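Visitor:
In my numbering, the protein residues as written are 124 to 1197.
Rendered as structure tokens:
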């Protein structure tokens, strides 16, 4: 039997290894682009050391948010082509670290990065570093934020460095108790530096000898008290300069505040920015307690486009200063929160010099604090031909003459939110004031030289900047914000949200006649709309009335907008719907002929409402946060046709409606045009799957966040257009095999956060069986591909031999499987709880043959009929077993030779030297990984390399077996052809003899091919000592695990790894006696 078994083992050499495309660098994710470059992501993997990666194609490695506290010199030796390395947030310093975390410090060997000659981006933020490690000369980007580096005295020796990020190394949340210092020589050795960030570093002055090619300089949140004429001298290329919050204004601080001595302002020399006159584009002087601006400070800045002067004390300068004259090319001016302490002006007054800012597009005047806005307030802005955006929120404004905005011809967005506007029609200004204002402004416009003409070129430019929003094939993630962005960008938009408007009338909108978008949310409106309130708004397309108390009873509501209104937001108007006994009607919807988007969300709509909604134009309906559970209860069918009249509806959101079940009647009476149906965040324990085919246009169904515990064990005929199904966050424990059998178009399936224990291959949709990474969308004239997704994380999968195929599927699949390497874990058995499925060794599975009944029948049958046959076929085996038992009983004396005193080799490797593929594997894989790499390095004995010439073959073989701690048999299978090899046979006999003589088991088997016959010796070996039989993995990403297991097998004693349940051998008998 032994001869036949060994013969078959030798023949197993001929099977080819099947390539697997799985997470190659487990536990990290990897992405291979078209040119073969590999991006490896090990972010937030709980790593305590840098994984051993071996690849010449890895160009990017992310190791953020782990607990890697030691970087050794050889950690990156096997990825020499690395270009981007991110090792951030592994050990936050001081107060930035969570209290539950232990104190730590990242230590980096001095030559860890030096040999990465192609590295151009290195990010080391949040590692509690005290010094900067040695860097490769090729480096272009260096990130060192959130460390403890506050003295840099040694040059970095990176002449190609373009970005140096040093922010937040010394500030109140990461204190260092001294001023940040950089030796000037450091900057002199960085001739190519373009971007330098030094914010939050307790600096008391601007660093000297900055690189002349610097383009971006960030010095915010330091303690710089003066900007002199020489501070930025010779920085002629500087585009962006940030001096924010160096002399902070503490009466408006949102965090710990550090003012300058005596609450002084930042001292600015009039020529502080002179050398940047032809380069500076953006300047930030926010939060520097400025009371006035030096004359000619900005006069020479010819290219300045963005200026931030917010959080200062410039209230009086804004009213009568002249600094605006120096900002003629500025396009965005931020004057937020420049209010004078304890002072609220009666009226907004702007300096006449602001009319010189001909290029101004955006003006921010929030937090200026005034009560009124009149014609005179804006008269100087009329001369600004490009002003598009005007922000006046948070000013305690109680009166606003909106008509004044109509004279700003280019204006597109007016923000008046967070004020105290009421637009009370009974409290108006006197006629004399209005007449005076009118004549003064008319006279102003009569000036021929100052007349504003909207040029066709500028109008065309505004239209080209508009958002191009086209309707998606499957609009599953549309929100009201998306529609606002699409409809309102580049069009006249008034934001009146968060004011005190209690009542609407036509006079409320005087001056807003050209408005296309209007936001009235978060007011105090509590009225019944009669169809007269919005009459002046002849172009209105978007109307937001959320968070009010609107009464929707009359059919005339909004009828004045029936030809223009496209988007209407009536969400969170639940006040009247919660009042008992009051009825509500939605018949007004049918009159809005242009309405396409309607939100009735969060209104607690449940009873005493219209039985049906009717609209031929409505496409998107948001109905979440209501009470469909009351409307569709089992007591009647009054509202079962509620949505049926919306004949053009494509998107229906009825999430968060406390639905416990979804009746078949309610489903079949939904509009047949629906493409997106959202039922998430309900309480559903039943869904009528058999009726889903009625919605033939459905492409996305969301049932997440419900209580579904089972799916029907029958075929469900999903529509041909259903591409996405979300069943996450339910209670599903199994997926029936027939359920998805007809879901031929399903490309995205979310099953995460359920109770799935077993997932059969045939239970998946047909398009996901083979794991194709790209799926074509059917029914399209020009077919395009989308990424197929299968979400399985956060399920308690059973990890056993019965489900071994599942791990193989995950390893081989090309599908987009979110959190595959981090959160697809075992839940059972208890010993494997929390273990990632990809880390389970597939070789650990052992087949279980038969049941008790079969075993009894088999024993009876073989006892009566198979004894002679067994004696004929396995007589030698019985004799061999008898000899082993006899030797164990009687004892024996091992033969000791001089050459056996000391093991000269760790392992003798036996293989078929005639097989070129095996030889290549031995010399390119085994020797590289066992002799030349890792901390455990083994001394191997090879026939072609280490045998002594002149000695006979049997002498060399005997010496190799007895002078080696282990004997490794490398076996393959090639097509089932027999291939006798005397060396392997004799080596095997010597190993068995050594087992008899020395009672040591030194055999280790390596199976290079995936399929081998079920040899009894092999099966017995696996059962007796599983760790001594290793299979070369199909998946390249599992190879590091293979080498780790082989090292363990070579270094450990086979006998100690024997299965404790095996008691037949004499070894276990001897061990039990001892």
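We put the CB at the ideal spot given by N, CA and C, even for glycine. Keep in mind that this is a model prediction, so the values were computed, not measured.
(1) If residue 535 and residue 613 are in contact, beta carbons under 8 Å, what's the gap, nearest whole angstrom?
(2) Considering only DSSP beta bridges, list what residue 457 is partnered with.
(3) Three-state secondary structure (DSSP) at residue 1179?
(4) Tell me, which residues are paired with residue 1207 by DSSP?
(5) With which residues is residue 181 paired in a DSSP beta bridge?
(6) I need the straight-line Cα distance from residue 187 to residue 531, nearest angstrom please.
(7) Buried or exposed for residue 953, going by 16 or more other Cβ atoms inside 10 Å?
(8) State buried or exposed for residue 991, treating a residue as buried only when at least 16 other CB atoms are found within 10 Å of its CB.
(9) Compare the C-alpha of residue 707 against each of 413, 1087, 723, 730 and name the closest.
(10) For residue 760, is the beta carbon positioned less than 8 Å from some heavy atom of the ligand SAH?
(11) I'd like to check one pair, residue 736 with residue 712: are the Cβ atoms closer than 9 Å?
(12) For residue 608, report the span of its alpha helix (DSSP H) as first-last.
(13) Given a threshold of 16 other Cβ atoms within 10 Å of its Cβ, counted over all protein chains shown, does residue 1076 qualify as buried or as exposed?
(14) Taking the alpha-carbon of residue 792 as reference, which of 850, 811, 189 has the nearest alpha-carbon?
(15) My parser needs the beta strand (DSSP E) runs of 3 or more residues fully inside the stretch 661-743; what are they?
(16) With DSSP collapsed to three states, give me the class of residue 220.
(17) Looking only at C-alpha atoms, which of 402, 346, 356 sits nearest to residue 387?
(18) What separation, rounded to the nearest whole angstrom, lies between the Cα atoms of residue 250 and residue 401?
(19) Among residues of its own chain, excluding the 5 on either side of residue 339, which ones have a beta-carbon nearer than 6 Å to its beta-carbon?
(20) Measure how close the beta-carbons of residue 275 and residue 229 come, nearest whole angstrom, since I'm counting them as under 8 Å.
(21) What is the rounded straight-line gap between the Cα of residue 1054 and the Cα of residue 825?
(22) Tell me where the alpha helix (DSSP H) around residue 1171 begins and ends.
(23) Taking the alpha-carbon of residue 418 as reference, which of 431, 447, 405, 428 has the nearest alpha-carbon?
(24) Run through the DSSP bridge pairs and tell me what residue 294 is partnered with.
(25) For the beta strand (DSSP E) holding residue 945, just list the boundary residues, first then last.
(26) Pop quiz: residue 777 and residue 802 are said to be a contact at Cβ under 8 Å. What is the actual Cβ separation, rounded to whole angstroms?
(27) Exposed or buried, which one is residue 705 when buried takes at least 16 other CB atoms within 10 Å?
(28) One question on the structure: do residue 725 and residue 747 come within less than 9 Å of each other, judged by their Cβ atoms?
(29) Between residue 646 and the rest of its own chain, which residues show a CB-CB distance below 6 Å, the 5 nearest in sequence each way excluded?
(30) Using a Cβ-Cβ distance under 9 Å, would residue 214 count as near chain B?
(31) Rounding to the nearest angstrom, what Cα-Cα distance links residue 881 and residue 920 in this structure?
(32) Return the CA-CA distance between residue 1115 and residue 261, expressed in angstroms with no decimal places.
(33) Would you please state the rounded distance, in angstroms, between the beta carbons of residue 526 and residue 633? I believe it to be under 8 Å.
(34) For residue 948 versus residue 995, is the C-beta spacing smaller than 9 Å?
(35) Can you give the Cα-Cα distance for residue 331 and residue 514, rounded to whole angstroms?
(36) For the putative contact between residue 854 and residue 830, defined by C-beta atoms under 8 Å, what is the C-beta separation to the nearest angstrom?
Guide: For this structure:
(1) Their Cβ separation, rounded to whole angstroms, is 6 Å, which keeps residue 535 and residue 613 in contact under 8 Å.
(2) For residue 457, DSSP records a beta bridge to 431, 487.
(3) DSSP places residue 1179 in helix when its eight states are reduced to three.
(4) The structure shown does not extend to residue 1207, since the chain is modelled only from 124 through 1197, so no value can be given for it.
(5) Answer is 161.
(6) Spanning the alpha carbons of residue 187 and residue 531 requires a straight line of approximately 50 Å.
(7) Residue 953 is classed as exposed because its beta carbon has fewer than 16 other beta carbons within 10 Å across all chains shown.
(8) By the 10 Å Cβ count, residue 991 comes out exposed.
(9) For residue 707, the nearest C-alpha among the options comes from 730.
(10) Inclusion of the ligand SAH in the displayed structure is not the case, the ligand content being empty and no account of it being possible.
(11) Taking 9 Å as the Cβ cut-off, residue 712 and residue 736 qualify as a contacting pair.
(12) Run containing residue 608: 603-611, per the alpha helix (DSSP H) assignment.
(13) By the neighbour-count definition (other C-beta atoms within 10 Å, threshold 16), residue 1076 is an exposed residue.
(14) The shortest C-alpha separation from residue 792 is found at 811.
(15) Unbroken beta strand (DSSP E) stretches of 3 residues or longer found wholly inside the stretch 661-743: 665-667, 690-692, 720-722, given in chain order.
(16) Three-state result, residue 220: coil.
(17) Among 402, 346, 356, the Cα nearest to that of residue 387 belongs to 346.
(18) Between residue 250 and residue 401, the alpha-carbon positions lie close to 39 Å from each other.
(19) These residues qualify, in order along the chain: 318, 363.
(20) About 18 Å; that fails the 8 Å criterion.
(21) The straight-line gap from Cα to Cα measures roughly 55 Å.
(22) 1162-1174 is the span of the alpha helix (DSSP H), which, as asked, contains residue 1171.
(23) For the residues 431, 447, 405, 428, the minimum Cα distance to residue 418 belongs to 447.
(24) In DSSP, residue 294 forms a bridge with 297.
(25) Careful: residue 945 lies outside any beta strand (DSSP E), inside the alpha helix (DSSP H) at 943-946.
(26) Sure, about 6 Å apart at Cβ, within 8 Å.
(27) With fewer than 16 Cβ atoms within 10 Å of its Cβ, residue 705 is classed as exposed.
(28) Between residue 725 and residue 747, the gap from beta carbon to beta carbon is short of 9 Å.
(29) Here the set comprises 622, 624, 671.
(30) Reference to chain B is not applicable here, since this structure consists of a single protein chain.
(31) Distance between the alpha carbons of residue 881 and residue 920 is about 6 Å.
(32) Straight-line Cα distance between these residues: approximately 58 Å.
(33) Sure, about 6 Å apart at Cβ, within 8 Å.
(34) In this structure, residue 995 does not lie closer than 9 Å to residue 948 by Cβ.
(35) Each residue's Cα considered, the two are about 39 Å apart.
(36) Right, the Cβ-Cβ distance comes to about 6 Å (below 8 Å), so this counts as a contact.
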